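Going by numbering that gives the first Met the number 0, the first residue of the sequence shown is number 0, and it counts up by one from there.
Glycine residues also receive a C-beta, built at the ideal position from the N, C-alpha and C atoms.
Bear in mind the structure is a predicted one, so any value in this text is a computation, not a measurement.
What follows is a short report on a single structure.
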Amino acid sequence: MENNIQISVVICTYNRAAYIEAALSSLVHQTFNKNLYEVIVVNNNSTDNTETICQSFIAAHADYFFYSLNEPKQGASYARNTGAALAKGALLCFMDDDAIAEPDYLEKIIDFFKAYPNAGGLGGRIIPRYIPSEPKWMSYYVSSLVGNFDYSPEICVFAPGKYPLESNMIIRTDDFKLVGGFNEMLPGVVGTVRIGGEGKDFFYKLQALGKQIYYHPQIIVHHVVEVKKLTKEYMYRVASGIGRGERRRVLAISRWAFVKKNIEYTFKLAASVILAIKYTFQGHPAKAWPVIQFRIDAFKGLLNQ
Numbered sequence: 000m001e002n003n004i005q006i007s008v009v010i011c012t013y014n015r016a017a018y019i020e021a022a023l024s025s026l027v028h029q030t031f032n033k034n035l036y037e038v039i040v041v042n043n044n045s046t047d048n049t050e051t052i053c054q055s056f057i058a059a060h061a062d063y064f065f066y067s068l069n070e071p072k073q074g075a076s077y078a079r080n081t082g083a084a085l086a087k088g089a090l091l092c093f094m095d096d097d098a099i100a101e102p103d104y105l106e107k108i109i110d111f112f113k114a115y116p117n118a119g120g121l122g123g124r125i126i127p128r129y130i131p132s133e134p135k136w137m138s139y140y141v142s143s144l145v146g147n148f149d150y151s152p153e154i155c156v157f158a159p160g161k162y163p164l165e166s167n168m169i170i171r172t173d174d175f176k177l178v179g180g181f182n183e184m185l186p187g188v189v190g191t192v193r194i195g196g197e198g199k200d201f202f203y204k205l206q207a208l209g210k211q212i213y214y215h216p217q218i219i220v221h222h223v224v225e226v227k228k229l230t231k232e233y234m235y236r237v238a239s240g241i242g243r244g245e246r247r248r249v250l251a252i253s254r255w256a257f258v259k260k261n262i263e264y265t266f267k268l269a270a271s272v273i274l275a276i277k278y279t280f281q282g283h284p285a286k287a288w289p290v291i292q293f294r295i296d297a298f299k300g301l302l303n304q
């Protein structure tokens, strides 16, 4: 039956014992035929009982094509590439280990690619599920750091320079191989340091090959966000990781590309100050400084600070 697999879902996981079961459960309770998809869980050196939970879950759902394996090299790019190498489906779907897919998630993905055979890639909506509730300092601009993503109210092609987020992206397996998978120079989180931008790098390469990348607002996952973990240190790691990833990506192009990125970040920092003033005058002062801090931290990452 495995030869009939149409879509392979790859989940890389690291110390997510509290949420990985909910993520896997959401993929069991799909409206799509269970014999037409597989789920590949890649444990990326978890030190908690994530691996045990995954193995127990898979054993309890033996009538599904769920698999688990380990990737010792730390970083999401390594783990995703390892999972993708084992995939049997014509489509590759990447989902986070603390995400919960809507019941019609896979069915809508398959229907989309049938309706849009020219699509090289697809991104969906990501809705933060704040626990216990959204903090008052959170704004639209900062929420992207916790996975909030709502690009368009309608199905559309991403504009040049725009792309899906890694926690809800779907790619044709042939195109994934054509690009060469995720750039392992942009591994994601390694220890306490993040070097991000692997999704951006991947989709830029895919767009450069002439592939159209679409957005579908009804292909939805909910991303769990524990508010108590949104410390200054955590937000710095995520924001600076964006800058560190951009540093590596643009320096690989040219020194001039790096200079242009510095100019771009300077303008974004200035824009964040204007935005903060706007929030203050609108009666939302708590939202002001986090917007500026985001751009400062990203700039520090770009400068390798």
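- Three or more beta-carbon pairs separated by less than 8 Å are not found between the stretch 151-162 and the stretch 250-263, which leaves the two stretches without contact.
- Under the 8 Å Cβ criterion, the stretch 116-128 counts as touching the stretch 137-152, having at least three qualifying pairs.
- Between the alpha carbons of L268 and F293 lies a distance of about 9 Å.
- Looking at the backbone, the Cα of I194 and that of G74 are separated by about 9 Å.
- The stretch 173-182 makes contact with the stretch 198-212, as at least three CB pairs between them are under 8 Å.
- The beta carbon of F31 sits closer than 7 Å to those of L105, E106 and I109, all from its chain and outside the five residues before and after it, given in chain order.
- For N44, the closest alpha carbon among the candidates A98, E70 and Y66 is that of E70.
- Residue environment analysis places D95 among the buried positions, since at least 16 neighbouring C-beta atoms fall within 10 angstroms of its C-beta.
- The C-alpha of F266 is placed about 14 Å away from the C-alpha of F257.
- Here the stretch 145-153 does not lie against the stretch 204-211, with fewer than 3 beta-carbon pairs under 8 Å apart.
- Cα atoms of L274 and A287: separation of roughly 7 Å, rounded to the nearest angstrom.
- Of the residues D296, S67, E263 and L68, the one whose Cα lies closest to the Cα of Y235 is D296.
- With three or more CB-CB distances shorter than 8 Å, the stretch 78-88 counts as touching the stretch 24-41.
- Taking 4 residues as the shortest admissible run, the stretch 141-181 contains the following complete alpha helix (DSSP H) segments, listed from N- to C-terminal end: 172-178.
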